[in-house]
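FYI, in the UniProt record's numbering the residues of the sequence shown are 1 to 141. Even for Gly, the Cβ is constructed at its ideal location relative to N, Cα and C. Contents: one structure, followed by commentary.
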Amino acid sequence: MASQFPYAAIGMAILRRAIKENVGYKPVPPQHTSTIGRLKYEKKYGVPVHGAAALVIGRRAMGFRERITREVRDFVLRVKERRKPTGDLRPREGTGMTRKVEAALQALETKLLLHNGLARRQQESFFSCWRELKILALAFR
1 MASQFPYAAI GMAILRRAIK ENVGYKPVPP QHTSTIGRLK YEKKYGVPVH GAAALVIGRR
61 AMGFRERITR EVRDFVLRVK ERRKPTGDLR PREGTGMTRK VEAALQALET KLLLHNGLAR
121 RQQESFFSCW RELKILALAF R
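Here's what the structure looks like:
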C-alpha cells in the first residue's frame, strides 16, 4: 500500500549513501515528471515513460526549465480533433468528451500561451499547465 510506503526512509537512505560514496545529491520536486516525460521525451528518445521521467528529474536538478514544445502543442491539437463529433450524434457508451477533459482544454487555452514566459518555480507549481495536460494524457491512453 502506498500510504505505508516509507518515502522519508528511502530518501534518507539515498542521501546517506550519496554522502558515503562522495556523490552529489540534489532533491528536486517530482510533480508532473511522468506527464512531461511522456509528452516530450518518450517518442523522441525511444525510452519508456519512467526513463523519460528520470530525464525530466535530471533536467530539473541541472536547472533547466520545461518549455511547451511542438510535440505538446500537437498532442493538444490531436485531442481537440478527437472531440469533434462525426456521424451519429446519439450518446453511446465510451464516446464523446467528459466534462473534466473539456474543462482541461478550456483551461489550457490561456495557460499554454503564458507557460514559456513563467519562472521555473511557477512552471512546476500545482496550477501550471502540466496538470491539465496530465488529465488529457490519461483520458486518451
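Contact with chain D by residue i, beta-carbon distance below 8 angstroms
| i | result |
| --- | --- |
| residue 7 | No chain D is part of this structure, which consists of one protein chain only. |
Residue i classed as buried or exposed, judged by whether at least 16 other C-beta atoms fall within 10 angstroms
| i | result |
| --- | --- |
| residue 20 | exposed |
| residue 72 | buried |
| residue 36 | buried |
| residue 53 | buried |
Rounded C-alpha distance that separates residue i from residue j
| i | j | result |
| --- | --- | --- |
| residue 38 | residue 49 | 6 angstroms |
| residue 121 | residue 60 | 11 angstroms |
| residue 51 | residue 112 | 25 angstroms |
| residue 18 | residue 24 | 7 angstroms |
| residue 63 | residue 77 | 29 angstroms |
| residue 9 | residue 16 | 11 angstroms |
| residue 133 | residue 40 | 12 angstroms |
| residue 98 | residue 137 | 13 angstroms |
| residue 74 | residue 115 | 16 angstroms |
| residue 42 | residue 100 | 25 angstroms |
| residue 12 | residue 22 | 15 angstroms |
| residue 131 | residue 14 | 28 angstroms |
| residue 70 | residue 44 | 12 angstroms |
| residue 26 | residue 58 | 10 angstroms |
| residue 102 | residue 117 | 25 angstroms |
| residue 108 | residue 46 | 27 angstroms |
| residue 129 | residue 106 | 11 angstroms |
8 angstroms Cβ cutoff met for residue i and residue j
| i | j | result |
| --- | --- | --- |
| residue 66 | residue 79 | no |
| residue 68 | residue 104 | no |
| residue 140 | residue 82 | yes |
Exercise. Say whether the stretch 119-138 touches the stretch 29-49, bearing in mind that this needs 3 or more beta-carbon pairs closer than 8 angstroms, one atom from each stretch.
Key: These segments touch.
Quiz item: Taking the runs of the alpha helix (DSSP H) that are 4 residues or longer, which of them lie wholly in the stretch 36-119?
Solution: Runs of the alpha helix (DSSP H) lying entirely within the stretch 36-119, each at least 4 residues long, are 42-45, 49-62, 70-83 and 99-115 in chain order.
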